[in-house]
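Residue numbers (the working numbering), protein chains in the order written: chain C, 1 to 116; chain L, 117 to 227.
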């Protein structure tokens, strides 16, 4: 069974440009999460989808970040316009099961974003 | 403010010894506490989950304890091997499912 995949693995962009990150969760997983780790800091939650709906977006830093999950399958995270402080590693995770109970989150390898 | 602390940035031990990693938290009431392993360039990999009403959980050479009074979890790797060298992350879930991570402890097992 394929794990969580993310594309691209690395992205280097100029400040002010737009970048779109993609996450393909494990097939059949209704729950999809975005996290990020900025340099020297811990991994922080951004948002949680249940199927195509945003369940919790309390971690989104500002309105330059837009996450979508069309059809409840893959998800995209767009940063527009990118700022220097957006540099870091963006992780996607997915999990199966009822959103009301805890289950294991499986993480992708991450996308390393560098904003110059 | 809410805070999670893992005892040290790095821990070096000899092969065959038991590694003990600490996770302390303040101002949380976690429903679950989880431990993950992360290797360089990879995403976190789930190891163990312990619930607030559980004191201890084991899986092969791994053991996790959870003391909600002390607000502390201990993560033990017995009979450690060089292949256990990695960064270990503690993560809390207050029931919202969004995980809150500690900064991690980098374990190095010397042969």
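Each residue gets a CB set at the ideal place from its N, CA and C atoms; glycine is no exception.
Going by DSSP, residue 119(L) is part of the beta strand (DSSP E) stretching over 119–122. Among the residues of the stretch 190–216 of chain L, those with a Cβ less than 9 angstroms away from any Cβ of chain C are 205, 207, 209, 211, 212, 213, 214, 215 and 216, in the order of the chain. By the neighbour-count criterion, in which 16 or more other beta carbons inside 10 Å mark a residue as buried, residue 8(C) falls on the exposed side.
For residue 134(L), the three-state secondary structure derived from DSSP is coil. Listed by position along chain C, the residues whose Cβ is nearer than 9 angstroms to that of residue 162(L) are 104, 105, 106 and 107. Per DSSP, the beta-bridge partners of residue 13(C) are 115(C). Partner residues in the beta bridge of residue 140(L), as assigned by DSSP, are 121(L) and 188(L). Contact annotation, residue 49(C) with residue 31(C): C-beta distance approximately 7 angstroms; criterion of less than 8 angstroms satisfied.
Residue 163(L) holds the alpha-carbon nearest to the alpha-carbon of residue 192(L) among 163(L), 216(L) and 208(L).
Within the same chain, and ignoring the five residues on either side of residue 116(C) in sequence, the residues whose Cβ sits closer than 6 angstroms to its Cβ are 14. Scanning 123(L), 187(L) and 120(L) for the CA closest to the CA of residue 169(L) turns up 187(L).
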